[in-house]
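Structure first, commentary second.
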């Protein structure tokens, strides 16, 4: 199961630059990056609502179908609700930056930011993660990510 999850995460990462480009194209046609971001969110709501309805019809609450319960929503920490805002911000930033940066540079910066944020979440046990000490080899790995970012960005080149 762990390998299947790793493959799914790889696939999600693989399609991330496609999503950014598609959203940027939507913004160009709609005339507004915020309308394109809204459309992205609307499609999310439609797809997830369809999935929840299907799961509820097939197996009821046993499979996670149906709408969230009031008690479940009340028991969530306040910061868990910020995830939607972060997701919307990511969509807007990416669809704005994608046409100017290109897919490779966009993703290089995104991966570097994701890696840095992940180390901080692990080190301090933030937002539901267990606290994990960060050995020197992980810090070295972060240095390699930054090195890769520099190679992709090529700041010494006159044009990217």
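Numbering (the working numbering), first residue to last: 11 to 170.
Virtual Cβ for every residue (Gly too), placed ideally from N, Cα, C.
Residue i to residue j span [Cα, whole Å]
{"i": "residue 114", "j": "residue 163", "result": "9 Å"}
{"i": "residue 70", "j": "residue 59", "result": "14 Å"}
{"i": "residue 39", "j": "residue 145", "result": "47 Å"}
{"i": "residue 53", "j": "residue 94", "result": "14 Å"}
{"i": "residue 134", "j": "residue 143", "result": "8 Å"}
{"i": "residue 25", "j": "residue 17", "result": "12 Å"}
Proximity below 8 Å, CB of residue i to CB of residue j
{"i": "residue 155", "j": "residue 103", "result": "no"}
{"i": "residue 65", "j": "residue 51", "result": "no"}
{"i": "residue 150", "j": "residue 33", "result": "no"}
{"i": "residue 152", "j": "residue 125", "result": "yes"}
{"i": "residue 76", "j": "residue 62", "result": "yes"}
Cβ neighbour criterion (16 or more within 10 Å) applied to residue i
{"i": "residue 84", "result": "exposed"}
{"i": "residue 43", "result": "buried"}
{"i": "residue 15", "result": "exposed"}
{"i": "residue 55", "result": "exposed"}
{"i": "residue 101", "result": "buried"}
{"i": "residue 82", "result": "exposed"}
{"i": "residue 46", "result": "buried"}
{"i": "residue 108", "result": "buried"}
Nearest-angstrom Cβ-Cβ length linking residue i and residue j, presumed shorter than 8 Å
{"i": "residue 49", "j": "residue 41", "result": "Not a contact, Cβ separation roughly 12 Å."}
{"i": "residue 30", "j": "residue 116", "result": "6 Å"}
{"i": "residue 129", "j": "residue 148", "result": "7 Å"}
{"i": "residue 137", "j": "residue 89", "result": "6 Å"}
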